[in-house]
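In what follows, a single structure is set out as structure tokens and then discussed.
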Amino acid sequence: MRPILIVIAIEALLSQLVRPLFLTSEGYVATLLVINSVLLMWYLLKQADTTPLFLIFVTAFLVRLTLMLVDLELFRLPPHSGDDTEAFHLEGLLIYTDPTTFNEVVRGSYSKFLGLFYLAFGPERMLAQYLNVILGVVSIVILSKTLLLLKLPMHYVLIATGIFAFFAQGLLLSPILLRDQIVALGMVYTLYYMVRWTVEKSAVSLTLAYTGYFVSTVFHSGLAIGILVLLVYFSFYNHETKRMDFEASKVQRLLVQVVLVGFIVYSFQDVLFAKFTHVSQNGQLFSGMSYDRGGSAYLNGLTVTGPLDMIVYSPIRMIYFLFSPFPWQWSSLMNIAIFFADAVFYLLLFGLTMLHLKYLKQHPFGSVLLFMLILFVVNALIFGLGTGNVGTAIRHRYKLFPMLLIVYTSIHYIRYQVLHHFEEVEKRAE
Numbered sequence: 009m010r011p012i013l014i015v016i017a018i019e020a021l022l023s024q025l026v027r028p029l030f031l032t033s034e035g036y037v038a039t040l041l042v043i044n045s046v047l048l049m050w051y052l053l054k055q056a057d058t059t060p061l062f063l064i065f066v067t068a069f070l071v072r073l074t075l076m077l078v079d080l081e082l083f084r085l086p087p088h089s090g091d092d093t094e095a096f097h098l099e100g101l102l103i104y105t106d107p108t109t110f111n112e113v114v115r116g117s118y119s120k121f122l123g124l125f126y127l128a129f130g131p132e133r134m135l136a137q138y139l140n141v142i143l144g145v146v147s148i149v150i151l152s153k154t155l156l157l158l159k160l161p162m163h164y165v166l167i168a169t170g171i172f173a174f175f176a177q178g179l180l181l182s183p184i185l186l187r188d189q190i191v192a193l194g195m196v197y198t199l200y201y202m203v204r205w206t207v208e209k210s211a212v213s214l215t216l217a218y219t220g221y222f223v224s225t226v227f228h229s230g231l232a233i234g235i236l237v238l239l240v241y242f243s244f245y246n247h248e249t250k251r252m253d254f255e256a257s258k259v260q261r262l263l264v265q266v267v268l269v270g271f272i273v274y275s276f277q278d279v280l281f282a283k284f285t286h287v288s289q290n291g292q293l294f295s296g297m298s299y300d301r302g303g304s305a306y307l308n309g310l311t312v313t314g315p316l317d318m319i320v321y322s323p324i325r326m327i328y329f330l331f332s333p334f335p336w337q338w339s340s341l342m343n344i345a346i347f348f349a350d351a352v353f354y355l356l357l358f359g360l361t362m363l364h365l366k367y368l369k370q371h372p373f374g375s376v377l378l379f380m381l382i383l384f385v386v387n388a389l390i391f392g393l394g395t396g397n398v399g400t401a402i403r404h405r406y407k408l409f410p411m412l413l414i415v416y417t418s419i420h421y422i423r424y425q426v427l428h429h430f431e432e433v434e435k436r437a438e
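What follows is the structure, encoded as structure tokens:
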């Protein structure tokens with residue numbers, strides 16, 4: 009990601025000088041697209057360990073690029089490109105035309121990000137969507153690197169990376185003008201550096217894991233609770249025994265992290281907890297947990313009115329959040345398509361993960377994988393409380409999909425190894 013950030017920074021500085029030289033904005037945009045596509049291909053070639061992996065990266069990029077052009081030139085991609093994308097674009101343009109409105113936009117961090125992006129590169133929506141395409145491809149690269157760090161065989165890496173690269177929601181959310189791809193990328197980086205820290209106990213990896221998660225939280229405050237999960241893992245994991253040690257000697261490490269992370273959270277609380285600040289100021293904290301607007305709303309009668317309701321209803325709301333639309337919710341072809349292209353993956357992967365969870369303790373990276381699963385469940389509980397319709401659910405649960413995919417792939421691999429070894433022992437005994 010570092011080379012890409014450097015290129016973006018250089019281009020942002022040069023664009024102020026170069027953009028006026030173009031006769032049309034179309035020529036300026038086309039030139040940037042061509043240059044950056046070539047650079048991205050080179051980046052993907054350098055990052056790929058094998059030719060099949062490179063082909064997955066490149067194909068994922070080309071498909072997303074094509075879908076971006078469809079969204080911009082032909083029709084808005086269903087079901088996510090619509091009111092929200094247009095509102096983000098308009099608020100970004102508002103900041104571009106009048107930077108003093110930066111703190112006045114109502115849609116939060118992504119509108120402000122777009123405003124800064126337009127100030128740097130000009131009010132070119134295509135470039136903003138192209139950036140999301142790049143971030144989507146980078147997230148695929150980082151996920152593959154995470155799987156390799158977990159010592160998975162290449163064919164497992166290829167299958168899991170292929171699933172993530174061509175997962176329906178990734179293909180639909182990456183090319184459009186929404187914040188979801190930035191959030192997903194931050195989550196993937198968090199997972200990567202969790203594993204890397206587990207391998208090498210590096211302060212840099214620890215810092216970057218928190219940084220990735222903070223970036224995701226800036227663009228969606230609902231993820232904030234996961235910071236507690238990271239604090240526990242990074243404080244009590246023992247690199248010598250390769251397991252969690254909840255002993256008194258580790259409390260000091262916990263306190264140091266609590267102070268440092270707490271200082272960051274306190275200093276940037278208006279950004280990290282913007283959504284919660286808004287709803288609490290307006291007395292809507294619990295009503296926001298009963299959000300059920302939209303044509304695909306579910307659990308309409310299950311309203312949260314206080315802390316007890318929140319505890320009692322959170323499991324059922326999490327189930328609907330992760331696996332909707334269930335067959336009894338099907339009211340259109342779109343619902344059926346969403347179930348088979350999206351919900352069924354969560355249903356199968358989560359179900360098989362829980363069914364074979366016992367094998368996790370035999371995995372050399374069992375501790376970090378367990379905490380990835382905990383991070384997945386904790387965030388699913390929170391998102392489940394704040395989500396009440398299928399359209400919103402499929403967007404938000406995509407942010408959590410990398411965790412589930414990595415954990416399931418790892419459990420499937422270690423289970424196969426254990427069973428295969430057992431069969432070999434039986435054969436030798438005979």
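Residue numbers (my numbering): 9 to 438. Ideal Cβ placement from N, Cα and C applies to all residues, glycine included.
Range of the contiguous alpha helix (DSSP H) that encloses residue i
{"i": "residue 217", "result": "211-227"}
{"i": "residue 315", "result": "315-331"}
{"i": "residue 11", "result": "10-26"}
{"i": "residue 44", "result": "33-55"}
{"i": "residue 137", "result": "133-157"}
{"i": "residue 404", "result": "398-406"}
{"i": "residue 127", "result": "117-129"}
{"i": "residue 90", "result": "Note, residue 90: premise wrong, no alpha helix (DSSP H); not H, not E."}
{"i": "residue 243", "result": "234-244"}
{"i": "residue 230", "result": "Looking at the DSSP string, residue 230 is not in any alpha helix (DSSP H), and its letter there is neither H nor E."}
{"i": "residue 265", "result": "259-275"}
{"i": "residue 163", "result": "162-173"}
{"i": "residue 249", "result": "Here residue 249 belongs to no alpha helix (DSSP H), and DSSP marks it neither H nor E."}
{"i": "residue 361", "result": "352-363"}
{"i": "residue 179", "result": "176-181"}
{"i": "residue 341", "result": "341-346"}
Three-way DSSP call (helix, strand, coil) for residue i in this model
{"i": "residue 187", "result": "coil"}
{"i": "residue 387", "result": "helix"}
{"i": "residue 84", "result": "coil"}
{"i": "residue 308", "result": "coil"}
{"i": "residue 289", "result": "Residue confidence for residue 289 is low, a pLDDT of 47 falling below 50, so the modelled location carries little weight and cannot support an answer."}
{"i": "residue 111", "result": "coil"}
{"i": "residue 436", "result": "Since pLDDT at residue 436 reaches only 47, below the 50 mark, its modelled position is unreliable, and the value read off the structure follows with that caveat. It is helical."}
{"i": "residue 395", "result": "coil"}
{"i": "residue 419", "result": "helix"}
Cβ-Cβ distance between residue i and residue j below 8 Å
{"i": "residue 252", "j": "residue 375", "result": "yes"}
{"i": "residue 407", "j": "residue 191", "result": "yes"}
{"i": "residue 405", "j": "residue 330", "result": "yes"}
{"i": "residue 233", "j": "residue 221", "result": "no"}
{"i": "residue 402", "j": "residue 199", "result": "no"}
{"i": "residue 69", "j": "residue 47", "result": "no"}
{"i": "residue 8", "j": "residue 367", "result": "Here the chain covers residues 9 to 438 and nothing more, so residue 8 does not appear."}
{"i": "residue 149", "j": "residue 52", "result": "yes"}
{"i": "residue 201", "j": "residue 213", "result": "yes"}
{"i": "residue 387", "j": "residue 231", "result": "yes"}
{"i": "residue 209", "j": "residue 372", "result": "no"}
{"i": "residue 397", "j": "residue 304", "result": "yes"}
{"i": "residue 105", "j": "residue 185", "result": "no"}
{"i": "residue 203", "j": "residue 160", "result": "no"}
{"i": "residue 101", "j": "residue 131", "result": "yes"}
Classification of residue i by the beta-carbon crowding that lies within 10 angstroms, buried from 16 upward
{"i": "residue 111", "result": "exposed"}
{"i": "residue 308", "result": "exposed"}
{"i": "residue 32", "result": "exposed"}
{"i": "residue 225", "result": "buried"}
{"i": "residue 275", "result": "exposed"}
{"i": "residue 120", "result": "buried"}
{"i": "residue 420", "result": "buried"}
{"i": "residue 336", "result": "exposed"}
{"i": "residue 346", "result": "buried"}
{"i": "residue 399", "result": "buried"}
{"i": "residue 313", "result": "exposed"}
{"i": "residue 64", "result": "buried"}
{"i": "residue 260", "result": "exposed"}
{"i": "residue 409", "result": "buried"}
Chain D contact for residue i (CB, 8 Å cutoff)
{"i": "residue 187", "result": "The structure shown has no chain D; it contains just one protein chain."}
beta-carbon residue i near the ligand MG non-hydrogen atom, thresh 7 Å
{"i": "residue 426", "result": "Among the components of this structure there are no ligands whatsoever, and the ligand MG is therefore not found."}
> Hey, is the region 168-181 in contact with the region 109-129, meaning 3+ C-beta pairs nearer than 8 Å?
Replying inline: no
>> When you compare the region 321-336 with the region 384-403, are there three or more beta-carbon pairs, one atom per stretch, that lie closer than 8 Å?
In response: yes
>> Taking 8 Å as the cut-off, does the region 80-96 touch the region 160-169 (at least 3 CB pairs, one atom from each stretch)?
In response: no
> Counting pairs of Cβ atoms below 8 Å between the region 134-142 and the region 62-81, do you hit three or more?
Replying inline: yes
> Looking at C-beta atoms only, is the number of pairs between the region 144-158 and the region 37-45 that lie closer than 8 Å three or more?
Replying inline: no
>> Check whether the region 357-367 and the region 315-322 touch, using three or more Cβ-Cβ pairs below 8 Å as the test.
In response: no
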